[in-house]
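**Q** If you scroll down you'll find the structure; I have some questions about it.
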Amino acid sequence: MTFVTRFAPSPTGLLHLGHAFSALTAFDAARAADGCFVLRIEDLDQGRARPEFEAAIFEDLAWLGLEWEQKVRRQSEHMAEYESALAKLIERNLVYRCFRTRREIAEAIAAAPHGEEAEVFVGEALPPEEEQTRLEAGEAYAWRLSQKKARAVLGPAYFTLVFQDETGLTRAEPGKLGDVVLARKEFPASYHLASVWDDALAGVTHVIRGEDLRESAHLHVLLQKLLELPPPIYRHHHLVLDEDGKRLAKRNDALSLKALREAGKTPRDIRDMLGV
Ligand code: GLU
């Protein structure tokens, strides 16, 4: 099986050293395995995605010496596919319409009894008449994955889901993030749904990304199971921190690749700074 990995940035700001670490780690792994390196533009957040940031992604990665498979997938151009994935989940009653506002969600989480579980939202569909009334009133809603229904549909398999990453085989806690939002009214995709779908479509065998997304793997293996998609192997790498020990964010402009390049750094310097 050919090794396929990817880098999936969101064009909502300039790439910084943390992105370079992720992209170089994935690219080097693909090279070492004589595999493929895929680039995907995660531009679902149309309020924040900007064409100039996308252009900067191409420029920065090419400057770093990366080469990627053509053609690049831009998520905003594939909404119909996410819609069909969502439709499968709707058909099997695995998602429900949740009309609660952010504030109501926070209140519901605070009011729920907490054991060892993380504080996450778990809810259920409204009675059909109430749902109908709210739909007719044009209210906004989110499509949330029902952990309860997923448990019922998968039975014991829900509790034996695992994912493999650099720490070995991990027993997934598919409910760790609760009833996550998979789509919204008039917007058929969220990061979780689109990313799992796209990785499978591209034949990604190894998902290489920062350890801040390790939590998502618990949910992603559940989505893969429900959508009958092959689970990839994960590699969650450490995050690049700034001088205060905080993870880099898009606001750390001084550490953007563009700024470093303009300050005279070379791609070799970037690799040396990152130890890759
Ligand atoms: N678009 C995500 C980000 O920029 C990457 C998600 C992933 O690698 O799965 O953080």
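In our numbering, the protein residues as written are 14 to 289. Quick reminder that beta carbons are idealized off the backbone N, C-alpha and C, glycines included.
From Y109 to F34, what does the alpha carbon distance come to, in whole angstroms?
**A** If I take the Cα positions, the gap works out to 38 Å.
**Q** On a Cα-Cα basis, can you pick out the residue from R222, H205, D285 and H219 that is closest to H233?
**A** Of the listed residues, the one whose Cα sits closest to H233 is H205.
**Q** Between L37 and Q88, is the Cβ-Cβ spacing less than 8 Å?
**A** Their beta carbons are not under 8 Å apart, which means L37 does not touch Q88 by this criterion.
**Q** Pull up the DSSP beta-bridge partners for Q177, would you.
**A** According to DSSP, which records beta bridges pairwise, Q177 is partnered with L182.
**Q** Roughly how many angstroms separate the alpha carbons of H91 and L99, rounded to a whole number?
**A** If you take the alpha carbons of H91 and L99, they lie about 13 Å apart.
**Q** Nearest CA to the CA of R61: which residue from V51, L28, P24 and A68?
**A** Closest by alpha carbon: P24.
**Q** Among F16, F20, M14 and T15, which residue has its Cα nearest to the Cα of I221?
**A** Closest option to I221, Cα to Cα, is F20.
**Q** If I measure Cβ to Cβ from V175 and keep anything under 8 Å in the same chain, skipping five residues before and after, which residues do I get?
**A** These residues qualify, in order along the chain: L182, T183, R184, A185 and V234.
**Q** Given 7 Å as the limit, tell me if A21 has its C-beta closer than that to any heavy atom belonging to ligand 1.
**A** Yes, since a heavy atom of ligand 1 falls inside the 7 Å radius drawn around the Cβ of A21.
**Q** Cutting at 7 Å between CB atoms, please list the residues of its own chain near R269, excluding the five before and the five after it.
**A** Checking the sequence shown, residue 269 turns out to be Ser, not Arg. Excluding residues within five positions, the ones whose Cβ falls inside 7 Å are L27, L28 and H29.
**Q** Check W81 in the structure and name its three-state DSSP category.
**A** Coil at W81, not helix or strand.
**Q** Please report the distance separating the alpha-carbon of E80 from that of A43.
**A** Distance between the alpha carbons of E80 and A43: 11 Å.
**Q** Out of F112, G216 and G136, point me to the one whose CA is closest to P245's CA.
**A** Nearest option by C-alpha distance: G216.
**Q** Among the candidates A125, D192 and C49, whose CA atom is the shortest distance from the CA of M14?
**A** Nearest C-alpha to M14: C49.
**Q** Rounded to whole angstroms, what is the Cα-Cα separation between D73 and S203?
**A** The alpha-carbon atoms of D73 and S203 are separated by roughly 26 Å.
**Q** Taking its Cβ as the centre, do 16 or more other Cβ atoms sit within 10 Å of L214, making it buried, or is it exposed?
**A** With fewer than 16 other Cβ atoms within 10 Å, it is exposed.
**Q** Is the separation between the beta-carbon of R260 and that of L273 shorter than 8 Å?
**A** Not a contact, by the Cβ cut-off of 8 Å.
**Q** Under 7 Å: does the beta carbon of L37 sit that close to some heavy atom of ligand 1?
**A** The answer is no for L37.
**Q** Please indicate yes or no: does the CB of L226 lie closer than 7 Å to some heavy atom of ligand 1?
**A** At least one heavy atom of ligand 1 is nearer than 7 Å to the Cβ of L226, so yes.
**Q** Just to confirm the assignment, what range does the alpha helix (DSSP H) spanning F5 have?
**A** The first residue shown for the chain is 14 and the last is 289, placing residue 5 beyond what the model contains.
**Q** With distances taken between CB atoms, is the gap from H219 to F16 smaller than 8 Å?
**A** Yes; because the gap between Cβ atoms is below 8 Å, this pair is in contact.
**Q** Under three-state DSSP, which class holds T146?
**A** Looking at T146 - three-state DSSP - the assignment turns out to be helix.
**Q** Give me the residue from A124, Y247, G168 and A150 with the minimum Cα distance to T180.
**A** Out of A124, Y247, G168 and A150, Y247 has the C-alpha closest to the C-alpha of T180.
**Q** Report the option in R115, Q59 and E256 whose CA atom is closest to the CA atom of V133.
**A** The option with the nearest alpha carbon to V133 is R115.
**Q** When the Cα atoms are used, what is the spatial distance from P22 to R86?
**A** Cα to Cα, P22 sits roughly 11 Å from R86.
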